[in-house]
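Have a look at the structure below before the remarks.
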Amino acid sequence: MKKILWLPSWYPNKTQPFDGDFIQRMATATSQYAEIHVFFVVKDKSLNNSQEIVVRQNGNLHETIAYYKSPSFLSRLLSWKKYFSTYKQLISRFIEKHGKPDLVHVQVPVKAGLIALWLKRTYGIKYVCTEHYGIYNDIVDDRFSHRSFYFKHYTQKIIKGASVFLPVSNNLGTSINERVVKKDFSVIYNVADTGLFYYAPLSQNKIRFIHVSEMGPHKNVAGIVRAFCALNKQQPDCELVLVGGYTNEIHEMVADSGLLNTAVILTGQLPYESVAANLRQAHALILFSNIETMPCVIIEALCCGLPVISTKTGGIPEVIDDNNGLLITVGNETELLQAMQQLKNNYNRFSRVTIAENAGRKFSYAEIGRQINEAYDRVLQHSPD
């Protein structure tokens, strides 16, 4: 079985438990086909010692999370030096014990991709690169064009040096080609855990819309609430469930509408399993984002059989069509209201079973893992860089 070294720039850890959880799911999927060794290094100011290393194994997935202490009085430069020295020590020990990996897989170029450049230069090990980051646009405040020279230079260099480049949507790959570097790419979408996200019969007839997110500004949750309140005045026999950590503004907005805990439910942040359970008992997902890359929640909702109402942004139109949802213009609350009315009044035109079956075939661990493994094989069969 081939041995692949994963270098993610984001990964779940004790300082940020949900950071890059979708990358961890990709690693789990790929471990069905290859021996995956994840190395992730992160700063932890709360450490008593200078370093702490946590090692876990789940089947063919091996995870090494290294925490290093970087006191606040140290400069950023010294913190980076500690980051790289920790990575190099861990990987050098791994190679001494297990030999060179067959390939390296970078998840999000900066900053873990710098280690891939070092491995390629020092050991001649090729790497593939997956990108998830939604910064290649003119909308988000921390967009690529506003980043430092260092960030832009190394993002370009890491993507350019990859043997295979795997953005999580065609839209993302195209944007990177327009804004960063010309690079051929193959799209591999995010993965869904179909052991959690699957079709189940509905237990109620009242139409229940659901939104799941961290409810940041670009999710435009206020627009969802306004459109739903307008729908509720016309057709009060429907519900809206908002899953995720909500702001005071959203809570006050819902409370002022008089619909809190009756037609609009704010769940707060929920465990992943509870998110899945809530999706299975909803009729449709709503995303009203100003910008997206390829939202995991859309993929997960489809695997549960939910039709999706979403704005036409990022890679979303690549997976939503007339058979599994409705696409609307970014920021247009009138279109959102009309889409909710249309879905509510014609819900039976969607086949939840078919939506779930199609999504399961496309986004399951088995399928996404297979696609990533095929990308590895292309490189290992001496495809040119």
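Here the sequence shown is numbered in the UniProt record's numbering, starting from 1 and rising by one per residue.
All C-beta atoms, glycine included, are put in the ideal place defined by N, C-alpha and C.
Closest Cα partner of Ser203 within the set Asp193, Pro167, Asp184 and Asn278: As a first step, residue 203 is located in the sequence shown; it is residue number 203 there, counting from the start. It is Asn278 whose Cα lies nearest to the Cα of Ser203.
In angstroms with no decimal places, state the Cα-to-Cα distance between Leu326 and Ile210. The count along the sequence shown starts at 1 and reaches residue 326 at position 326. The count along the sequence shown starts at 1 and reaches residue 210 at position 210. The alpha-carbon atoms of Leu326 and Ile210 are separated by roughly 15 Å.
Opposite Thr64 in the DSSP bridges: which residues? In the sequence shown, the residue the question calls residue 64 occupies position 64. Bridge partners of Thr64: Phe39 and Val55.
Whole-angstrom Cβ separation of Val168 and Asn190, contact assumed at under 8 Å? Sequence index remark: in the sequence shown, residue 168 carries index 168 (1-based). Sequence index remark: in the sequence shown, residue 190 carries index 190 (1-based). The pair is a contact, with the Cβ atoms about 6 Å apart (cut-off 8 Å).
Since Val128 and Leu166 are thought to touch, with beta carbons under 8 Å apart, how far apart are those beta carbons, to the nearest angstrom? For the purposes of this step, residue 128 is taken as residue 128 along the sequence shown, with counting starting at 1. For the purposes of this step, residue 166 is taken as residue 166 along the sequence shown, with counting starting at 1. At roughly 6 Å, the Cβ-Cβ gap stays under 8 Å, so Val128 and Leu166 are in contact.
DSSP puts Tyr127 in a beta bridge; with which residues? By one-based count along the sequence shown, residue 127 stands at place 127. Val104, per the DSSP bridge assignment.
Could you tell me which of Ala263, Asn220, Ile299 and Glu131 sits nearest to Tyr198, measuring between CA atoms? The residue you call residue 198 lines up with position 198 of the sequence shown. Out of Ala263, Asn220, Ile299 and Glu131, Ile299 has the C-alpha closest to the C-alpha of Tyr198.
With distances taken from CA atoms, which of Arg226, Asn232 and Leu231 is nearest Glu252? One-based indexing of the sequence shown puts residue 252 at position 252. For the residues Arg226, Asn232 and Leu231, the minimum Cα distance to Glu252 belongs to Arg226.
Use the C-beta contact count for Ser9: other C-beta atoms within 10 angstroms, 16 or more gives buried, fewer gives exposed. In the sequence shown, residue 9 corresponds to position 9, counting from 1. Buried, by the Cβ-count rule.
Could you check what DSSP says for Pro12 in three-state terms: helix, strand or coil? The sequence position of residue 12 within the sequence shown is 12, counting from 1. The answer is coil: DSSP assigns Pro12 none of H, G, I, E or B.
Closer than 8 Å is the cut-off here; do at least three beta carbon pairs connect the stretch 310-318 with the stretch 371-381? no
Using the C-alpha atoms, what's the distance from Lys183 back to Asp385? Looking up residue 385 in the sequence shown gives position 385. Looking up residue 183 in the sequence shown gives position 183. Reliability fails at Asp385, whose pLDDT of 49 lies under 50, so the model's placement of it is uncertain and no value is given.
Taking the straight line between their C-alpha atoms, what separation do you get for Tyr67 and Gln281? Against the sequence shown, residue 67 aligns to sequence position 67. Against the sequence shown, residue 281 aligns to sequence position 281. Roughly 39 Å between the two C-alpha positions.
For chain C, check one thing: does any of its Cβ atoms lie closer than 8 Å to the Cβ of Leu172? In the structure shown, chain C does not exist; there is a single protein chain.
Starting from Ile250, follow the alpha helix (DSSP H) in both directions and report where the run begins and ends. On the sequence shown, residue 250 is found 250 positions in, with the first residue counted as 1. Asn248 to Ser257 is the extent of the alpha helix (DSSP H) around Ile250.
Would the stretch 347-359 and the stretch 3-21 be scored as touching if the rule is three or more Cβ pairs under 8 Å? no
Neighbourhood of Asn58 by C-beta distance below 8 Å, restricted to the same chain and skipping five residues each side: Here the question's residue 58 lines up with position 58 in the sequence shown. Correct list, in chain order: Thr28 and Ser31.
If you draw a straight line from the C-alpha of Ile135 to the C-alpha of Thr155, how long is it? Along the sequence shown, read from residue 1 onward, the residue named residue 135 stands at position 135. Along the sequence shown, read from residue 1 onward, the residue named residue 155 stands at position 155. The straight-line gap from Cα to Cα measures roughly 12 Å.
Which class does Ser310 belong to by DSSP, given the choice of helix, strand or coil? Taking the first residue of the sequence shown as 1, we reach residue 310 at position 310. Strand.
Distance cut-off 7 Å: Lys100 Cβ against heavy atoms of the ligand MN: Ligands are entirely absent from the displayed structure, and the ligand MN is therefore not among its contents.
Select from Phe22, Asn220, Cys304 and Gln342 the residue whose C-alpha is nearest the C-alpha of Ala359. Your numbering for residue 359 matches position 359 in the sequence shown. Looking at the Cα atoms, Cys304 is the closest of the given residues.
Just the C-alpha distance for Ala382 and Lys2, rounded to the nearest angstrom, thanks. The residue you call residue 382 lines up with position 382 of the sequence shown. The residue you call residue 2 lines up with position 2 of the sequence shown. It should be pointed out that residue 382 corresponds to His in this sequence rather than to Ala. Approximately 15 Å, taken between the alpha carbons.
N- and C-terminal bounds of the beta strand (DSSP E) containing Ala284: For the purposes of this step, residue 284 is taken as residue 284 along the sequence shown, with counting starting at 1. That run of the beta strand (DSSP E) goes Ala284 to Leu287.
If you count every other CB in all the chains shown that lies within 10 Å of the CB of Lys219, and 16 or more means buried, which is it? In the sequence shown, counting from the first residue as 1, residue 219 sits at position 219. Buried, by the Cβ-count rule.
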